[in-house]
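In our numbering, the protein residues as written are 1 to 181.
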Amino acid sequence: MSVTPIRLYGDPVLHRPAAPVVDFDRELGQLVTDLTDTMLAAGGAGLAAPQIGVALRVFTWYVDGEVGHLVNPDVAAVGEEEQDGPEGCLSIPGLRYDCRRHLHVVASGWNLHGDPVRVEGSELLARAIQHETDHLDGVLFVDRLDEVARAAALGEIAEAAGAGMGAYLPVPAPVVKVSPH
């Protein structure tokens, strides 16, 4: 078992896109093992490589008793139906907010051996796949919240950091809306 420390909100590795995996080797196998062990030890539904400080496009999930992983994922919504539901993140401990996600997705990519994989997910699995893929793009779920919820979430993160609870500061700049004029 190889449990690795989880990086917290504000760590630069969480806020930039991860690189595609090019070598399907023993190191990738160890990364998938570390991700899985860390995710299960932390009680998470998913964990992306940047969350343990590795800027590669790999994530694991644990949903409905099933553990899986995906390398270099490509995710597409199936239909237009969306769901609002509570979402948290192991990189932002204790924070939960409703976040809008597609209800059904299809993810394609590779397993750790370089074999093609296709995963269809609905509800919680769809949410986990989208959440973890966002991590690979440098996006955290708080970045997807509406303006009011995002401001509240960032306030909670800043308060936790001030209380010595481990979150990094400064937080990224707020989302700026640009007028089309």
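For glycine and all other residues, C-beta sits at the position ideal for the given N, C-alpha and C.
Distance between Ala161 and Val13, taken at the CA atoms: about 18 Å. Closest in alpha carbon position to Val54, among Gln30, Asp143 and Arg118, is Gln30.
In the three-state DSSP reduction, Ala48 falls in the strand class (E or B). For Arg127, the enclosing alpha helix (DSSP H) starts and ends at Glu123 to Leu136. For Gly79, the number of other beta carbons within 10 angstroms of its own is below 16, and it is reported as exposed. A distance below 6 Å between beta-carbons, with the five flanking residues on each side excluded, links Arg118 to the following residues of its chain, in chain order: Ser108.
In terms of Cβ geometry, Ala49 and Val58 form a close pair [threshold 9 Å]. Unbroken beta strand (DSSP E) stretches of 3 residues or longer found wholly inside the stretch 11-83: 46-48, 58-63 and 66-77, given in chain order.
In its chain, beyond the 5 residues on either side, Phe24 have a beta carbon closer than 6 Å to the beta carbon of Gly114. Here Val142 carries a helix assignment [DSSP, helix/strand/coil]. Leu95 sits in a strand when the DSSP states are folded into three classes.
Contact annotation, Ile129 with Val105: C-beta distance approximately 6 Å; criterion of less than 8 Å satisfied. Per the coordinates, the alpha-carbon of Gln51 lies some 15 Å from the alpha-carbon of Leu28.
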